[in-house]
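Numbering (the working numbering), first residue to last: 10 to 195.
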């Protein structure tokens, strides 16, 4: 696919569809590190070859692996977990509406005993409109949706939801492996 902003490429990056299976993760990771590491600065000193086992051409890899937030989880401050949970592409079911927001039942990202995991369901308000109207047309109770920074950004078909769940679990496992081998989040 020649256009990096082709809808299929964008969907694969955001919701991890099977297009990502065609990309060599090691080559992707090495290319990413080569482009970023030399200009990234001291906050990004973690961008080394050790990160290659986590590499995936997805947004959740960038959130959990590339961005420095997972390395700050053991500081005891709430911001790292909040950023990771808000920025990752999560999913859930629309269970209702308030005057101006959807209510989405989803599983939050949690951090205990040095490990990240998805917690029990909770209901959270999520924006779904832009000035021009609904971002996801005809959003309804029962819809399964993707959420980014408390904004409903897509309606998911069953196969898309399954794929996003699988990729997220894989990414969490890779991140947790790093967290446990370093003995802390950094």
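The C-beta atom is built at its ideal place from N, Cα and C for all residues, glycine as well.
Note that the coordinates shown come from a computational prediction; the quantities given were computed from them, not determined experimentally.
Query, Result
"Touch test, the region 145-161 against the region 39-46, Cβ-Cβ under 8 Å, three pairs minimum", "no"
"Anticipated Cβ contact below 8 Å, residue 72 with residue 56, distance rounded", "Incorrect: roughly 14 Å between the Cβ atoms, too far for contact."
"Contacts around residue 123, its chain only, beta-carbon distance under 6 Å, and the 5 residues preceding and following it disregarded", "188"
"Coil, strand or helix - residue 100 by DSSP", "strand"
"Reference residue 158; option with closest CA among 16, 87, 84 and 100", "100"
"For residue 105, the residue or residues it bridges with in DSSP", "112"
"Cα-Cα separation between residue 145 and residue 83, rounded to whole angstroms", "37 Å"
"Cβ pair residue 26, residue 116 closer than 8 Å", "no"
"Whole-angstrom distance between residue 29 and residue 16, CA atom to CA atom", "13 Å"
"Whole runs of the beta strand (DSSP E) within the region 43-107, excluding any shorter than 3 residues", "99-106"
"Burial state of residue 175, where buried means 16 or more other Cβ atoms lie within 10 Å", "exposed"
"Limits of the unbroken alpha helix (DSSP H) element including residue 16", "16-24"
"Three-state secondary structure assigned by DSSP to residue 141", "coil"
"Endpoints, beta strand (DSSP E) assigned at residue 31", "Neither: residue 31 is in no beta strand (DSSP E) and is coded neither H nor E."
"Inter-residue spacing [alpha-carbon to alpha-carbon] between residue 22 and residue 64", "12 Å"
"Backbone CA spacing between residue 147 and residue 88 [nearest angstrom]", "34 Å"
"Proximity of residue 104 and residue 132 at Cβ, strictly below 8 Å", "yes"
"Test item: CB-CB of residue 61 and residue 78 under 8 Å", "no"
"Cut-off 7 Å between Cβ atoms - residues of its own chain near residue 128, not counting five sequence neighbours on either side", "116, 117 and 119"
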